[in-house]
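S.K.: Per our numbering, the sequence shown starts with residue 42, numbered consecutively.
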Amino acid sequence: MAPKFWPLERGRIITSQFGRRGAEFHYGTDFGRVGGSGGLPVYAVQGGTVIMAGPADGFGRWVVLDHPTADGGGTTVYGHVIPEVELGQRVEAGQRIASINPDRSSNGGVDPHLHLEWHRFVWVPPGPDRLDPAALLTGAEDPYPFAGGGTLLPPVQYGIDVSNHQKNFDFAAARAEGFTWATHKVTEGTWRDPFWPRAREEMRKHFTGRFGGYAFCRVDTDPQREADTYLDHAGGTDFPLQIDYEDDENRGSLDDLLARISAYRERGVRLLPVYIPRWYWRDHMGAPNLSGLPVGVWNSDYVAGTGYASNLYPGNGYKGWEPFHPGAAPVQLLQFSERGRVAGQTVDVNAFRGTTLELDALFAGVPNLQEALMSVADDELGKLFPSRSIYRDSDEAKHRLAAFLSNIDAREHERFVEDQARKGIPEYVDLVRRVARDGIVGNTDGFGYPELVNESKRRAQAILDEIGAK
C-alpha cells in the first residue's frame, strides 16, 4: 500500500471538519495547532506531481497535487499556504511542500491554518467528487520526526547568510517562509558593510536569539586590526560571529586562522562554527589537521539547481556533512546552495541538523544539548512563573521541578505570539495589547503573585513600543 502522511506535524488539531458549517458546506478539513499555526510546515499526504502552486482565489496561495494510482490516486489541495514547490515537480509522500501563511493580508483574510481537500480523481468544483479527507488520512503516519516505517530522522533547521549584495533584504519574509536562523556580513578585512546596521536590527526582531554577523577574513589584513574593525562596526557582542575564512586571493594557514579566532575571543566576541569550505582547506591551506580547532566547522558543498531550500537540501547523509579528516572538528553547519530562493531573492542557504533547542544552544555558545538543558533549567527554576505562557488562560502557577517542561513550552509560546505581533498580524497584536493593558491572560492577580501581572504588562508593552502600536 502506498505511504500516507498527515499534512502537519504531531501536535496538530482539526479546527474545522468536512461537512455542513452553518448555512454553507465546508468541502475540506482545516488543521492548525494550539498557540498559533502561522509558519508551520505542510507536508504532502501522498506522492504525486505539483499541478498548481501559487495564487488562488479565497486561499491567497495554494498547492495542488495530482496523485497517480500507484501513490493512492486522486488530487489533494493545500490552501492558505506559502508554496515551496514548483509546477510540474514530483514530490514524495511526507515531503515538505509549503508552510502555513501567517499573514491575513495575503492568505485569504483568515486566521492562519491549513485547508486540506481531497478530490476523487482530478480537481473539480464543489460537489460530490470532493471527498472527506478523514477517509484518506486513515492510517496516515506523522511526517515529523517519524517517516518511512518509523525511522527517527534528525530535524533540520534552515538558515540564510546575506550581505550588501542583497541590499535591504526582507528578513520578515524569510522568517515567514520558515527559516529559523540568519547571519549577515559585518566586515571584509577593514571594509564595513553599509547594510549591516539595518540588518542587525531586522534580524534581532525576526530571528531573536538565532542571528549573528560574519567577518570575511582577508589574510593580508592583520588579525588584530580586522577584529578591531569588526568590533567597532558590529554594535555589540550580544550575538555571535561567523568567521568566514575563504580568501582565495591569498593563501591561508591554520596558524593565521587560529590567530583570528584568538583576536575575536580576546575582545569578548562569541563565535559560531568557522566557515571554511573543504576546497579552501584542501587547496589553499594545505589540508592542516583541524582536531584542535576550538570551534566547529561550517562547510560548503553545493548542489545543482535553484529553488526553495527544503527542496534543494540533499539530506542529512550528504557528503558535505562528513568531517574533513578523522578526528577533525565536526561539521555543524552546511551551506548547500548559493542559489536558494528566499524572500524574492537568490541567496546562500544553509542547514543545521538538530532541534530548535540545539540550535539555540549553538547560537548561545553552549557546547552541547545537555549543558543547554541545564542552563535553561537553572534559569527557569530560579524564577517564579506560571506553568504557561502569559498569553494563555489556563494552568496554575508552579515553582518546582514538575513545572520545568511546561515552562519551556510557555516561553516558546510567548516568543511565537510576540514574533507574530512583530509581523503585524492583527489577532496577535490585539493579544499583546490586551496583556499590556490587563496583565497575564485570564488572571487578575498573577495566581497570587502580583509581580507576575506587572511583569507581563511590562513585557507586552515593550513589544507594542517596538512595533509602534498603541
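C-beta: ideal position from N, C-alpha, C; glycine also. Remember, predicted model here, so these are calculated numbers, not experimental data.
So, are the CB atoms of Ala275 and Gly309 less than 8 angstroms apart?
M.R.: No. Outside cutoff.
S.K.: Can you tell me whether DSSP reads Thr110 as helix, strand or coil?
M.R.: Note: Thr110 maps to helix in three-state DSSP.
S.K.: Report the rounded CA-to-CA distance for Ser57 versus Asp460, giving the unit in angstroms.
M.R.: The straight-line gap from Cα to Cα measures roughly 25 angstroms.
S.K.: Going by alpha carbons, who is nearest to Gly147 out of Trp164, Gly99, His160 and Arg171?
M.R.: Sequence check: residue 147 is Ser here, not Gly. Minimum Cα distance to Ser147 is reached at Gly99.
S.K.: Taking the alpha helix (DSSP H) that Gln386 belongs to, which residues open and close that run?
M.R.: It is not in any alpha helix (DSSP H) - Gln386 instead sits in the beta strand (DSSP E) that spans Gln386 to Arg394.
S.K.: In whole angstroms, give me the CA-to-CA distance for Gly76 and Ala501.
M.R.: Cα-Cα distance, rounded: 17 angstroms.
S.K.: Applying the criterion that 16 or more other CB atoms from any shown protein chain within 10 Å of the CB defines a buried residue, is Gly63 buried or exposed?
M.R.: When all chains shown are included, Gly63 counts as exposed.
S.K.: What is the DSSP secondary structure of Phe426, reduced to helix, strand or coil?
M.R.: Caution applies to Phe426, whose pLDDT of 48 falls short of 50 and renders its modelled position unreliable; the model cannot decide the point.
S.K.: Does the region 314-324 come into contact with the region 268-286, if we say contact requires no fewer than three beta-carbon pairs (one atom in each stretch) closer than 8 angstroms?
M.R.: The region 314-324 is in contact with the region 268-286.
S.K.: Pick out whichever of Gln376, Asn352, Glu290 and Arg241 has its Cα sitting closest to the Cα of Phe280.
M.R.: Nearest option by C-alpha distance: Arg241.
S.K.: Looking at the strands, I want to know which residues DSSP matches up with Val156.
M.R.: First, the residue type needs correcting, since residue 156 is His and not Val in the sequence shown. DSSP lists Asp71 and Gly120 as partners of His156.
S.K.: How big is the Cα-Cα spacing for Arg74 and Trp320?
M.R.: Those two C-alpha atoms are separated by around 44 angstroms.
S.K.: What does DSSP give as the partner residue(s) for Ile141 in the beta ladder?
M.R.: Beta-bridge pairing links Ile141 to Val122.
S.K.: Which first and last residues belong to the alpha helix (DSSP H) in which Glu307 is found?
M.R.: Its alpha helix (DSSP H) spans residues Leu295 to Glu307.
S.K.: Which residues mark the beginning and the end of the alpha helix (DSSP H) in which Pro264 is found?
M.R.: From DSSP, the alpha helix (DSSP H) with Pro264 extends over Pro264 to Ala275.
S.K.: Ala223 lies in the beta strand (DSSP E); which residues open and close that run?
M.R.: From DSSP, the beta strand (DSSP E) with Ala223 extends over Trp222 to Glu229.
S.K.: Whole angstroms are fine: how far does the CA of Pro82 sit from the CA of Ala139?
M.R.: For Ala139 and Pro82, the distance between alpha carbons rounds to 6 angstroms.
S.K.: If you run the structure through DSSP and keep just helix, strand and coil, what is Lys439?
M.R.: In this predicted model, Lys439 has a pLDDT of only 46, less than 50, meaning its place in the structure is not dependable; the value taken from the coordinates is given anyway. In this structure, Lys439 counts as strand in the three-state DSSP scheme.
S.K.: May I have the straight-line CA-CA distance separating Pro235 from His206, to the nearest angstrom?
M.R.: Whole-angstrom Cα-Cα distance: 11 angstroms.
S.K.: Provide the residue span of the beta strand (DSSP E) that contains Trp339, from first to last.
M.R.: Where Trp339 is concerned, the enclosing beta strand (DSSP E) stretches over Val338 to Ser341.
S.K.: When DSSP labels each residue in this structure, what does Arg233 get in the three-state scheme?
M.R.: Reduced to three states, the DSSP call for Arg233 is strand.
S.K.: So Leu282 is in the beta strand (DSSP E); what residue range does that whole segment cover?
M.R.: Note, Leu282: beta strand (DSSP E), Leu282 to Asp285.
S.K.: Could you check if Ile54 is buried or exposed, using at least 16 other CB atoms within 10 Å of its CB as the buried criterion?
M.R.: Exposed.
S.K.: Tell me whether Val104 sits in a helix, a strand or coil according to DSSP, three-state version.
M.R.: Residue state, collapsed to three classes: strand.
S.K.: For Lys226, collect the residues of the same chain with a Cβ closer than 6 angstroms to its Cβ; drop the 5 residues on either side in sequence, then sort them by chain order.
M.R.: Closer than 6 angstroms at Cβ, skipping near neighbours: Ser204, Asp234 and Tyr255.
S.K.: Which term fits His108, buried or exposed, when burial requires 16 or more other beta carbons within 10 angstroms of its beta carbon?
M.R.: With 16 or more Cβ atoms within 10 Å of its Cβ, His108 is classed as buried.
S.K.: According to DSSP, is Ser57 helix, strand or coil?
M.R.: Strand, per DSSP.
S.K.: Is it right to say Ala503 is buried, meaning 16 or more other beta carbons lie within 10 angstroms of its own, or is it exposed?
M.R.: Exposed, by the Cβ-count rule.
S.K.: Does the region 83-97 come close enough to the region 120-140 to have 3 or more Cβ pairs within less than 8 angstroms?
M.R.: Yes, since at least three Cβ pairs between the region 83-97 and the region 120-140 fall closer than 8 angstroms, the two stretches touch.
S.K.: Does the separation of the CB atoms of Val338 and Gln373 fall below 8 angstroms?
M.R.: It is a contact, given that the beta carbons lie within the stated cut-off.
S.K.: If you run the structure through DSSP and keep just helix, strand and coil, what is Leu49?
M.R.: Leu49 falls in the coil class under three-state DSSP.
S.K.: Three-state secondary structure (DSSP) at Gly489?
M.R.: Because Gly489 carries a pLDDT of 48, less than 50, the predicted location of this residue cannot be relied on, and the following value inherits that uncertainty. Residue state, collapsed to three classes: coil.
S.K.: Whole angstroms is fine: what's the gap from Ala392's alpha carbon to His247's?
M.R.: Cα to Cα, the separation comes out at about 18 angstroms.
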